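Numbering (this note's numbering), first residue to last: 55 to 297.
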């Protein structure tokens, strides 16, 4: 079955061109012109992924995203934006968006980012049932499911994370990025490696996507008087360690 895309873009030329391109790429596309229609359609059809223009009359793309997230809808969201300032991108992440593309964009970049979002949202196939054994093994302690490093603790199954006793409110991308850093604590992870593991696609040396997410994650992790945990290794990547 082809993946379904809900596209909301008020510029008719962009909307029509992107709808045609996505259809030719094999997606089943529903295209609407504003945020009101986008919310109504999202409630009716539950698409696999949403592509939302930030600047739309009435209800804009950020408001659409906020409403869906408040309702518990975790459908991946790709924002289309003409705004290039870091603060504007952070506003999109704050609203619950998973990724963004800056206009004017190459349609191949849109395809690549959609593929990455859909891969991350795909359900994990259940593990095969174990072979029966004469004597059952002891049930593992619940603590075995946690991943810990540098005063951080994560439960990947429940998708929860804590710094000390404080639980962190993380988006899906933030959670996956933090889990990657914790599992490789003390190891410098290169930009290309992180892009490949989190997005499945290297956006190139000029992209600020990773820096935006790291900055946003730091704001949620850092505490007054406590050491910073995510460190930048200039020109290389990032490492998680205390001090």
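All C-beta atoms in this analysis are idealised placements derived from N, C-alpha and C, irrespective of residue type, glycine included.
Computed from a predicted structure; not experimentally measured.
Where DSSP assigns a beta bridge to residue i, which residues make up the other side?
i	result
residue 298	Absent from the model: residue 298. The displayed extent of the chain is 55 to 297, so no value can be given.
residue 12	Examination of residue 12 is not possible in this model, given that the chain is present from 55 through 297 alone.
residue 83	59
residue 233	BP columns for residue 233 are empty, so no partner.
residue 244	291
residue 202	207
State the DSSP-derived secondary structure class of residue i, mapped to helix, strand or coil.
i	result
residue 65	coil
residue 220	strand
residue 207	strand
residue 276	coil
residue 250	helix
residue 71	helix
residue 193	Reliability fails at residue 193, whose pLDDT of 41 lies under 50, so the model's placement of it is uncertain and no value is given.
residue 214	strand
residue 228	helix
residue 125	coil
residue 105	strand
residue 148	helix
residue 97	helix
residue 176	coil
residue 239	coil
residue 89	helix
residue 269	helix
Rounded to the nearest angstrom, what separates residue i and residue j at their Cα positions?
i	j	result
residue 191	residue 112	Caution is warranted here: a pLDDT of 47 is assigned to residue 191, below 50, making its placement in the model unreliable, and the coordinate value is therefore given only provisionally. Going by the C-alpha atoms only, they are around 59 Å apart.
residue 148	residue 129	15 Å
residue 151	residue 269	16 Å
residue 81	residue 230	26 Å
residue 226	residue 175	9 Å
residue 201	residue 69	43 Å
residue 136	residue 232	28 Å
residue 219	residue 296	17 Å
residue 123	residue 213	16 Å
residue 64	residue 92	11 Å
residue 193	residue 207	Because the pLDDT of residue 193 is 41, which lies under 50, any placement of that residue in the model is unreliable, and the question is left without a value.
residue 125	residue 247	34 Å
residue 242	residue 100	39 Å
residue 73	residue 217	43 Å
When burial is assigned at 16 or more other CB atoms within 10 Å of the CB, is residue i buried or exposed?
i	result
residue 134	buried
residue 276	exposed
residue 215	buried
residue 98	exposed
residue 55	exposed
residue 199	exposed
residue 287	exposed
residue 279	exposed
residue 146	buried
residue 170	buried
residue 94	exposed
Hey, residue i and residue j: beta-carbon distance below 8 Å or not?
i	j	result
residue 108	residue 116	yes
residue 251	residue 264	no
residue 132	residue 57	no
residue 293	residue 240	yes
residue 84	residue 60	yes
residue 245	residue 291	yes
residue 204	residue 283	yes
residue 89	residue 67	no
residue 75	residue 156	no
residue 222	residue 274	yes
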